[in-house]
Every structure is written in structure tokens, then in C-alpha cells.
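Numbering (this note's numbering), first residue to last: 321 to 533. Here's the structure we're looking at; comments come further down.
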């Protein structure tokens, strides 16, 4: 069994902390890609099918070391609980067991302890959580972004191969909320300031507890 720490950030956002990047990525893979993959969003697929596609798309299967943070809405768990993704891996079963008794809509984020900049990573993933669980926050963040031209940013995100077009606005907002966003595309300075201020305000409004890892 993988060592995983479960932490409540808000009443609707839950953080899973893994010891290593490989443990994190291999646990979240099918959940995450069912949510936002440009190829597998809302589809039922096996790990083997995903690996075959990833190799064709990226040239090799490097998924377990390509991604440091994960985020999924609770609705993504439903087909896994229903057996549509069987057979499940032991890691997938472990994740599902952590949330089987939680009712209503909520959000799950995941990080690993070995990342070089955990505060930035947490900001990014918690921003995703707020975007899903707080409608007022989402509306304000979306309104901020729509004032600016983010075409180049969205194109860069699309070129990374991991995002469905339906989540690009959320991704722009999450990257813009980080201290250091890690993308090559330039973010408008005023947009970033507005996004960060909005993020900070709604952390306080939601009484979020951001842990030190």
C-alpha cells in the first residue's frame, strides 16, 4: 500500500500527498485523463490503451515523470465506483477508498513531496479546486482572464498534449495564480496581479488551510 496523506484544504477540497512523483502519477493517471485528456476525456480506457496512445503522441512513455500535480472533480470517480474501469489497480482502489463516504461535490488534488517548489504547485492545484467548488470565484477569475488576450498561452498549453480544450480557461487561471508559472508564454502583468489577489481573497473566504509540506 502506498503511503498517502489526506488533508482537508477546505470543506470541499482535499489534498493527497504522496512520497514520490511516480506513486502520485501512477495513481492518478486514469482518473486525470478521464477528466481532461485531449484523447480520452469522458471515455473508458485501460492503462495499456493510454500507454499506446501516449507513446505515439510523445515518442515514449514518460507520463510518470512528466507531471507533478493532479486535480479532479469528484464526479470523475463515479464510473470507477460503478466498475466501468475494471480491473482497477491497487493504487486506484486505494484512492477510491479514501473518498467513498464523502457526499456531495468536492475536488481532489494531489502532489508529491519531492517537487522543488511545493508552494507554487499547491497554489496551482488549490486554484483548480476553488475554480470548481466556488462558483463566485470561478466567475471572477474567468472575468479577469477574458479582459486579456491569452491565445498564445492557450496554444502553448494545448501543445503540451495533456489538456482538453474544455479545461484551458481553468489552466490559464491556475498558471496565472502561481508565483512562478513555468510557461514560456508571457502572462499580462495586470492579469496575474488580479488573479493572485482574487485567489488570496477566496482562500480567506473559504477558510482554506494550506499546509507546509
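For each residue, glycine too, the CB sits at the ideal point set by N, CA and C. These figures come from a predicted structure and were not determined experimentally.
Of the listed residues 451, 443, 513, 503, nearest to residue 468 (C-alpha basis): With distances taken between Cα atoms, residue 468 lies closest to 513.
Note the first and the last residue of the continuous beta strand (DSSP E) segment covering residue 432. Taken as a continuous stretch (DSSP letters only), the beta strand (DSSP E) holding residue 432 covers 427 to 432.
So residue 426 and residue 412 are supposed to be a Cβ contact under 8 Å. How far apart are they, rounded? About 18 Å separates the beta carbons of residue 426 and residue 412, which is beyond the 8 Å limit, so they are not a contact pair.
Would you mind sorting residue 352 into buried or exposed? The rule is 16 or more other CB atoms within 10 Å of its CB. So residue 352 counts as buried.
Given a cut-off of 9 Å on the beta-carbon distance, is the pair residue 445 and residue 430 in contact? Contact flag set, yes.
Considering only residues of the segment 501 to 531, which uninterrupted alpha helix (DSSP H) runs meet the minimum length of 4 residues and lie entirely inside it, listed in chain order? Runs of alpha helix (DSSP H) with 4 or more residues, each lying fully within the segment 501 to 531, are found at 509 to 525, listed in chain order.
If you follow the alpha helix (DSSP H) that residue 487 is part of, which residue opens it and which one closes it? Neither: residue 487 is in no alpha helix (DSSP H) and is coded neither H nor E.
Considering residue 438, what are the terminal residues of the alpha helix (DSSP H) in which it resides? From DSSP, the alpha helix (DSSP H) with residue 438 extends over 438 to 453.
So does the segment 370 to 385 actually touch the segment 329 to 349, counting three or more Cβ pairs closer than 8 Å? Contact holds: three or more Cβ-Cβ distances are below 8 Å.
Of the choices 337, 404, 394, whose alpha-carbon is the least far from that of residue 421? It is 394.
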